[in-house]
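In terms of numbering that gives the first Met the number 0, the sequence shown is residues 0 to 158.
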Amino acid sequence: MWNQSLDSDISSSLSTSMDDLTHLDLQKSSLCSTITSAESSAEVDETTILLNSISSYFSVKPTKYNGRGCFANTDLVQGTIIHECSMPLSSTIARTFRKQVCEFCLEFVHGKTLKFKLMSQTNKKTKSMSTPASACSLALYFCSQTCMEKFIALDIYDL
Numbered sequence: 000m001w002n003q004s005l006d007s008d009i010s011s012s013l014s015t016s017m018d019d020l021t022h023l024d025l026q027k028s029s030l031c032s033t034i035t036s037a038e039s040s041a042e043v044d045e046t047t048i049l050l051n052s053i054s055s056y057f058s059v060k061p062t063k064y065n066g067r068g069c070f071a072n073t074d075l076v077q078g079t080i081i082h083e084c085s086m087p088l089s090s091t092i093a094r095t096f097r098k099q100v101c102e103f104c105l106e107f108v109h110g111k112t113l114k115f116k117l118m119s120q121t122n123k124k125t126k127s128m129s130t131p132a133s134a135c136s137l138a139l140y141f142c143s144q145t146c147m148e149k150f151i152a153l154d155i156y157d158l
């Protein structure tokens with residue numbers, strides 16, 4: 000024989016247990032996100048410490064444009080070397096400045112076009128009317144013949 004009050008008690012207990020499990024799961028979820036947030040924060044702090052140990056002349060800080068930049072810690076005397084690097088892992092020259100910044104030493108010539116250019120053109124047979132002009136050639140600009148020769152001599156597999 001079926002006991003309706005017993006069934007009601009079981010349903011009530013199951014409902015309470017489910018609520019408890021949901022509550023525990025929410026606490027677990029909250030705890031996990033707190034731990035992840037703390038881990039991310041620790042990684043950011045470690046990265047900041049490493050970046051700021053590069054040079055005593057500058058600190059790496061967030062910019063108002065998102066990302067990070069180097070900001071002088073004090074006024075610097077003209078010609079002060081703030082950092083030396085035997086070979087950077089990578090560099091990027093903004094398209095707007097590609098003719099004004101040396102691809103090898105990164106010297107900036109303030110609005111003048113650099114005189115030494117290394118150019119590569121695509122195979123003319125593969126070029127079509129729909130090929131954008133920017134895809135047809137690649138030009139790299141250098142401040143001197145020496146920089147251009149050093150760039151050409153680089154063995155990319157030796158980096």
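Cβ atoms here follow ideal geometry from the backbone N, Cα and C, with glycine treated the same way.
Met147 and Gly68 have their alpha carbons spaced roughly 28 Å apart.
DSSP places Lys60 inside the beta strand (DSSP E), whose first and last residues are 57–61. Rounded to whole angstroms, the separation of the alpha carbons of Ala138 and Leu117 is 6 Å.
Residue burial annotation: Glu83 is exposed, with fewer than 16 other C-beta atoms found within 10 angstroms of its C-beta.
In the same chain as Gln144, and ignoring 5 residues on each side of it, the C-beta atoms closer than 7 Å to its own belong to Phe115, in chain order.
One thing to note: Leu113 has its Cβ within 8 Å of the Cβ of Phe141. In the structure shown, Arg97 adopts coil according to DSSP, grouped into three states.
With 16 or more other CB atoms across the displayed protein chains lying within 10 angstroms of its CB, Val100 is buried. Exposure of Phe70 is indicated by the presence of fewer than 16 other C-beta atoms within 10 angstroms of its C-beta. Phe150: member of the alpha helix (DSSP H) spanning 144–152, first to last residue. For Glu102, the number of other beta carbons within 10 angstroms of its own is at least 16, and it is reported as buried. Contact check for Asn51 and Val59: beta-carbon distance about 6 Å, within the 8 Å limit, so the pair qualifies.
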